[in-house]
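Notes to accompany the following structure.
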Amino acid sequence: MMYAPSRPLAALLSLLTLTACAGEGGSGIPTSGRLIDQMHPPQDYAQATTVQGLLSPANTLASGVIEAPQVSAYPQEIVDRLLNGWSGPKPDARVWLTPDMAFTSDVSVGGAIFLNTGLIRYFHDTPDIQKEDALAFVLAHELSHILLGHTAAQRASKARKDYAFSAMKWGSVIGRFAAGSGAAGDVSRAIVSSMGAKAFLDTTLFPSWSRDQEEQADALAVDLMARAGYAVSAATDVMDVLISSEDQEMQRQAQDEQKTGKSFVADSVTFQAKAGDGLDGAIVDALRAVAQQHPHARERRVALAAYLRQAYPVRAHVALERRPLQQWESSRPVAALLKGTEQLNQAAVQIKSAQWGQARQTLAHVAQPASGSAYYALMAYQVSVQTGQKAQGVKLLSAAAQRDDVTFPIATEWGMALTSAGKYNEAETYMATEQTAMNNTSFLPYRITNARKAKDEVNAFKLSAICEGLGEDALAKQCSAVEKN
């Protein structure tokens, strides 16, 4: 049955659509000449003052990063080669490896470039794309976000977005008005929503670049490649892979949504549309458009092709560099990294299913560099505690909590362990220090719990006031919950 939306809802949908359209266009990409020749580089680039800050938000996840210098040295050489052609100040852009099986890379607000093992695996398994030029485009794109000032601007835009979504309470307001389904607000439910974990990361943890910023980064990436002597045609090969990956993801999402309905997730807000509900589904689509969550690899491909035509109408022949990447991909360090990452993911699945014995066996076969990661340490701790070896587990956790690449789950677990041991001052000092280093306010509920256990009502009240004043709905609910316990 078809029906027309009410006037308030029609106005809302119209506003959302217009807002989304207003964000497109005016990309800042020149229609004549090359972007790199028309830029005014900043005087310097703000860098994170701590490793924890540099690695945020990768360290928000249990998986964190894997340090493997023998693997990261090669992509780092490519980044350095790309930077040699940059005339402005050169940021300290370092490559870090993340045990994520998606064909993606990312860059932190602090300027760290994250290279997923899933992307390395794809290059490893796909001969057609095994060329350094293609990997150079991936890295040049992330580097361009830094050079264009997108990472610095992200701090301000993220704060504005948090405030806007929190103040307007999209999920609860629209949910009550349209379908009576309020905001879910529960982070764990958001992660497993129909949008999937990848979309959750894209919209709530890692910088959610606008389409304009993505297209600018693509254009500058091509310019950096050209100056470094790479074949710019390799950029379109990477875009084709992204389109294929995006199509597969959308197919899976569409199948899931037929059963569960559509879901919009952004920061602390969730809005769910039931399966078959066309009206709520339209609202979700509009909200995704505002937040720029709908796929746009094809649009990027079109914009990139147009830029290549006007900026590089005549291209000198450049031999594709296949051998260096192929040697890297077939090296023992890369093979060890890929195998170790797969074992870590297998152990994580087993732990989620409480298969502690099997998880112990899986972890026993993990070798370096994966066995030296914070992710491994966290799982080894969990398995030890659950298999009657608590003392060994606490020792593992204590060591992991002091690492520079410590993750949020490890830090909060250690903080709560100190609280349980009655070491309240030590727990507060540790968690307050890590909160500052990671710039992660999600420590607040744990710190409030510690203060209440210590019967330090003054500090508990102060921390609660800070939490309420941040304007983050989900966090405020967590703080409120621990205050009542």
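For the sequence shown, the working numbering assigns the number 109 to the initial residue and increments by one for each residue that follows.
Using N, Cα and C, we set each Cβ at its ideal position, and we do this for glycine too.
By DSSP, does residue i sit in helix, in strand, or in coil?
{"i": "W204", "result": "strand"}
{"i": "P315", "result": "The pLDDT assigned to P315 is 48, lower than 50, so where the model puts this residue is not dependable, and the model offers no usable value."}
{"i": "V215", "result": "strand"}
{"i": "N71", "result": "What is shown of the chain runs 109 to 593, which leaves residue 71 out entirely."}
{"i": "Q137", "result": "Sequence inspection shows Ile at residue 137; the Gln mentioned does not correspond to that position. I137: coil per DSSP, three-state reduction."}
Buried or exposed for residue i, please, with buried defined as at least 16 other CB atoms from any protein chain shown within 10 angstroms of its CB.
{"i": "N548", "result": "buried"}
{"i": "Q490", "result": "buried"}
{"i": "S302", "result": "Only weak support exists for where S302 lies, its pLDDT of 29 falling under 50; the value from the coordinates is given anyway. It is buried - the Cβ of S302 has at least 16 other Cβ atoms within 10 Å."}
{"i": "K239", "result": "buried"}
{"i": "D513", "result": "buried"}
{"i": "N533", "result": "exposed"}
{"i": "D208", "result": "buried"}
{"i": "P183", "result": "buried"}
{"i": "F516", "result": "buried"}
{"i": "Q146", "result": "exposed"}
{"i": "G136", "result": "exposed"}
{"i": "R423", "result": "exposed"}
{"i": "T157", "result": "exposed"}
{"i": "T168", "result": "buried"}
{"i": "D581", "result": "buried"}
{"i": "N558", "result": "buried"}
{"i": "Q510", "result": "exposed"}
{"i": "P553", "result": "buried"}
{"i": "S195", "result": "exposed"}
Excluding sequence positions up to five away, which residues of its chain have a Cβ less than 7 Å from the Cβ of residue i?
{"i": "M347", "result": "A405, R408, R409, L412"}
{"i": "L416", "result": "V330, V340"}
{"i": "R555", "result": "E536, M539, A540, L571"}
{"i": "W436", "result": "Y182, V442"}
Please list, in chain order, all residues of the same chain as residue i whose beta carbon is under 6 Å from its beta carbon, the five residues on each side excluded.
{"i": "L191", "result": "K198"}
{"i": "A336", "result": "R189, L190, G193"}
{"i": "Q434", "result": "Q238"}
{"i": "E542", "result": "A519"}
Using a Cβ-Cβ cut-off of 8 Å (strictly less than) and excluding sequence neighbours within five positions of residue i, which residues of its own chain qualify?
{"i": "Q321", "result": "H253, L256, H258"}
{"i": "M276", "result": "Per-residue confidence for M276 stands at a pLDDT of 34, beneath the threshold of 50, marking its modelled position as unreliable; the derived number appears in the next sentence. Counting only Cβ-Cβ distances below 8 Å, and skipping sequence neighbours, we find nothing."}
{"i": "Q466", "result": "Q458"}
{"i": "S213", "result": "I221, F222, L223, N224, L227, V246, L247, H249, E250"}
{"i": "T495", "result": "W464, G465, R468"}
{"i": "C587", "result": "L552, P553, I556, L571, S572, C575, E576"}
Would the beta-carbon of residue i be found less than 7 Å away from any heavy atom of the ligand GDP?
{"i": "F211", "result": "No copy of the ligand GDP appears in this structure; indeed no ligand is present at all."}
Practice problem: Jot down the residue ranges of each uninterrupted alpha helix (DSSP H) in the stretch 513-574, minimum 4 residues, whole runs only, in chain order. | Solution: DSSP runs (the alpha helix (DSSP H)) wholly in the stretch 513-574: 516-528, 532-546, 552-561.
Self-check item: Complete runs of the alpha helix (DSSP H) confined to the stretch 473-514 [at least 4 residues]
Solution: If only complete runs of 4 or more residues are kept, the stretch 473-514 shows the alpha helix (DSSP H) at 482-494, 498-509, in order along the chain.
Practice problem: Kindly confirm or deny that the stretch 204-220 and the stretch 160-171 touch, where touching means at least three C-beta pairs closer than 8 Å. | Solution: Enough Cβ pairs lie closer than 8 Å, so yes.
Quiz item: If we count Cβ pairs, one from each stretch, closer than 8 Å, do we get three or more for the stretch 447-460 versus the stretch 487-503?
Solution: Yes: at least three Cβ pairs fall under 8 Å.
Quiz item: When the Cβ atoms of the stretch 519-526 are set against those of the stretch 140-157, are three or more pairs found closer than 8 Å?
Solution: Flag = no, the stretch 519-526 and the stretch 140-157 do not touch.
Exercise. Tell me, please, whether the stretch 226-246 touches the stretch 340-355 by the rule of three or more beta-carbon pairs shorter than 8 Å.
Key: The stretch 226-246 makes contact with the stretch 340-355, as at least three CB pairs between them are under 8 Å.
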